[in-house]
Amino acid sequence: MSRRLIRALLVLLTLTVALIGGVAIGETSIEPSVVLQVLANKLWGAGYVLDPIDEGIVWNYRLTRALVAAACGAGLATCGVILQSLLRNPLADPYLLGISAGASTGAVMVALLGVGAGAISLSAGAFAGAVTAFVLVILLARVSGSASGTGQIILAGIAGSQLFNALTAFLITRSASSEQARGIMFWLLGNLGGVRWPSVWLAVPVAVLGLVVCLWHRRALDAFTFGADSAASLGIPVRRVQILLIGCAALVTAVMVSIVGSIGFVGLVIPHAARLLLGTGHARLLPASALGGAVFLIAADVLSRTLIKGQVIPVGVITALVGAPVFALILVGRRSAR
Amino acid sequence: MLLPRLATLLTSLSLCALAQAAPTAYPLTVENCGSSLTFQHAPARTVTIGQAGTEMLYALGLGDKVVGTSLWFNDVLGTYKAQNDRIERLADNEPSFEAVIGKRPELVAVELEWMVGPQGAVGTREQFHELKIPTYLLPSDCEAKDNLVGADGTRLAPFRIDSIYKGVSQLAAIFDVQARGEQLNQQLKASLAQSIATAKNQQRKDVSALVWFSSAEMDIEPFVAGHKGVPDFMLSTLGVRNIVESDEEWPTVGWETIAKANPTFLVIARMDRRRFPADDYQKKLAFLRSDPVTRNMDAVKHNRIIILDAMAMQASLRTFDGLAQLATAINGYDLSQ
């Protein structure tokens, strides 16, 4: 019990340190003391007199960004874990189900075709596109599927993704001026610049809820590691768990994509890194992946804002650029440790 | 607002201008953005791609030589509305290649190179030239600008206003209306001088600004005017520093950076396009006044926000109207505190 408590405290501490790091570092330089004073003002009403612009930047721009980055990282990594376990495929990631491709199509339809005439935002379009694509993929998998159907889901996902990617490319070549295409591509590659408090109130509960649902099914997930048949022989309602968890992953991913665009790499690699370090038991794997995803995405976002002065690099570029070598190190490190 | 002043200038300058210009001697060869164009006579049928070129031809009194227009950003200037209503609009955005050649034009006047450049959105210049249809590109979009690098092209050197005068003179020569061209350029130069003089009345020296065009999402990093484009030229001509230092035409810069730079005033674009919510200047204003950070910027607190026609931010005759509007606004600000 006490060991578990210590572990939980450690997780919270790591997360807090990462968040403070995310708040302290930004596009412009703000004194660390000012940053702490802002936090003291807002959290405990300390009443320091500060420049309102500094105060706004720290509290409304940077903190919301760091919180959403944490929620997205945690959410995507959790989804990655459950999809890899349920489908028993190491290449499964949250975008496998056609979600990012559908989100792109939705966003492009809003921005280029003027669907909704300015009343619907890119985010809403992306969410609608993501859900549509997911529903199509699952329908295809069901129609073509055998009893267990994991292979079918992957193949249906590939077909769906290809279709929606082609649609996006078609729409862009058909009707985009370069400025618009750039705006959309920039957004699709992942961007946390438009994040404010409403995004936090959406992203954080969704990420937490996703994690709780998955933790609730941790034993079922453990059983699925040995295949759907063995899970069934252990008395697990295979169909129900599959539908619930895949639906949950799709929803979490769709929400994240609609807030920040499709940030790659986190959902694919963080679960593997966690598995390499901690083994395959989901009771530890799920929280570890969530924490790893959160810290990783906060760090990637900080890098994306500071790597080139006065310019923001899409965070999705950073996650792969930094993440791939880090993952390679873990792979090699594990081998030499064996 | 500038038009009455232009009209007076026009009458005063017309006589001497008429005396100076000689008629065009055909065949006329014009070097234009890497192509050599030869005209045996003044084109009788012209198709335009881009509003700047369209309005330039109208200003030269050549409306009856235009048989089709395309790529509109805003409504046509009020003075040319009657003229413009008589001419077919081939497309609101870029027209198809066949829509253009279907008009059997003797000249295609193009505002932006990416419409007819090597990866032409309408068709390449070679495709047009094979059909013996010359394409004239406004020099403002090709001189010292590489349109194959960067999303909206990259300026190799700061924009020069001379490229607009050059476009006017060359079009006037092609159509044998040199006197009219000369006269128009005189008006533009006089208008520019007037704007500079107006802005000089502002006593404070270290005045800075940001030009916000639009944003892909309301709260996201906005598209703002870079360091070498037309808006930057407008600011620096009036003695104002652009807080953005990127060389890209329309870079994205974070609000954190903008708020910390705290410019003296803000320029926001007004346009008819409605593809992003931030295309609407009312939404831009609402954002600036409600965002917890931007509402504390000096320019927002003191309501120093100028709403400028998006067409004025492109190299066009409206650039001069924009300069006059900016100059008047800058002169009107009390920056003594």
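Taken in sequence, the protein lines are chains W and R. Note that my numbering has the first sequence beginning at 670, numbered continuously upward. Note that my numbering has the second sequence beginning at 33, numbered continuously upward. Glycine residues also receive a C-beta, built at the ideal position from the N, C-alpha and C atoms. Quick caveat, the model's predicted, so the values are computed rather than measured.
Asked                                                                                                                   : Found
Neighbourhood of G95(R) by C-beta distance below 6 Å, restricted to the same chain and skipping five residues each side : Q115
Cβ of I828(W) within 8 Å of any chain R Cβ                                                                              : The sequence as given places Ala at residue 828(W); Ile does not occur at that position. False, the Cβ-Cβ gap to chain R never drops below 8 Å.
CA nearest to the CA of L832(W), picked from A776(W), P867(W), W866(W), G771(W)                                         : G771(W)
K135(R) classed as buried or exposed, judged by whether at least 16 other C-beta atoms fall within 10 angstroms         : buried
Beta-carbon proximity list for I133(R), same chain, < 7 Å, skipping 5 on both sides                                     : L163, I165
Sequence-distant residues of its chain with Cβ nearer than 6 Å to L687(W) (five each side left out)                     : Per the sequence shown, the amino acid found at residue 687(W) is Ala instead of Leu. Result list for A687(W): V964, I967, in chain order.
Below-8 Å beta-carbon distance, T975(W) vs any chain R residue                                                          : no
Interface flag, N328(R) vs chain W, CB-CB below 8 Å                                                                     : yes
Local conformation of F160(R) per DSSP, three classes                                                                   : helix
Proximity of D279(R) and H259(R) at Cβ, strictly below 8 Å                                                              : yes
Residues near F321(R) in its chain [Cβ-Cβ closer than 8 Å; skip 5 each side]                                            : Residue 321(R) is actually Arg in this sequence, not Phe. Cβ within range, chain order: R327, V332.
C-alpha gap between W866(W) and T733(W), whole angstroms                                                                : 6 Å
Partners in chain R for R865(W), counting only beta-carbon separations shorter than 7 Å                                 : D251
DSSP three-state assignment for S902(W), whether helix, strand or coil                                                  : helix
Any non-hydrogen atom of the ligand NAD closer than 7 Å to W146(R) Cβ                                                   : What this structure holds is no ligand at all, so the ligand NAD is not there to describe.
DSSP state of L954(W) mapped onto helix, strand, coil                                                                   : helix
Min CB distance V981(W) to chain R below 8 Å                                                                            : yes
Start and end residues, alpha helix (DSSP H) containing A153(R)                                                         : Taken as a continuous stretch (DSSP letters only), A153(R) belongs to no alpha helix (DSSP H), as it is neither H nor E.
8 Å Cβ cutoff met for G82(R) and V142(R)                                                                                : yes
Proximity of T86(R) and T101(R) at Cβ, strictly below 8 Å                                                               : yes
8 Å Cβ cut-off: residues of chain R touching I726(W)                                                                    : E288, A291, K292, V325
Beta-bridge partners of V142(R), as assigned by DSSP                                                                    : I81(R), L169(R)
Cα-Cα separation between A997(W) and S702(W), rounded to whole angstroms                                                : 37 Å
Opening and closing residue of the beta strand (DSSP E) in which V62(R) lies                                            : 60 to 64
Anticipated Cβ contact below 8 Å, P2(R) with V154(R), distance rounded                                                  : The requested residue 2(R) is not part of the displayed model; chain R covers only 33 to 369.
Helix, strand or coil at S348(R) according to DSSP, with G and I counted as helix                                       : coil
7 Å CB neighbourhood of T894(W) in its chain, flanking five on each side removed                                        : S754, T949
S368(R) classed as buried or exposed, judged by whether at least 16 other C-beta atoms fall within 10 angstroms         : exposed
CB contact check: R307(R) to chain W, cutoff 8 Å                                                                        : yes
Closer than 8 Å to chain W by CB, A248(R)                                                                               : yes
Proximity test, Cβ basis, 8 Å: T284(R) and chain W                                                                      : yes
CB contact below 8 Å: P721(W) versus chain R                                                                            : yes
Residues from the region 686 to 710 of chain W in contact with chain R, defined by Cβ distance under 8 Å                : G695, E696, T697
Interface residues of chain R facing Y764(W) [CB-CB closer than 9 Å]                                                    : What Y764(W) touches in chain R: nothing, since even the nearest Cβ is about 21 Å away.
8 Å Cβ cutoff met for L937(W) and T747(W)                                                                               : no
Chain R within 8 Å of Y730(W), Cβ atoms only                                                                            : yes
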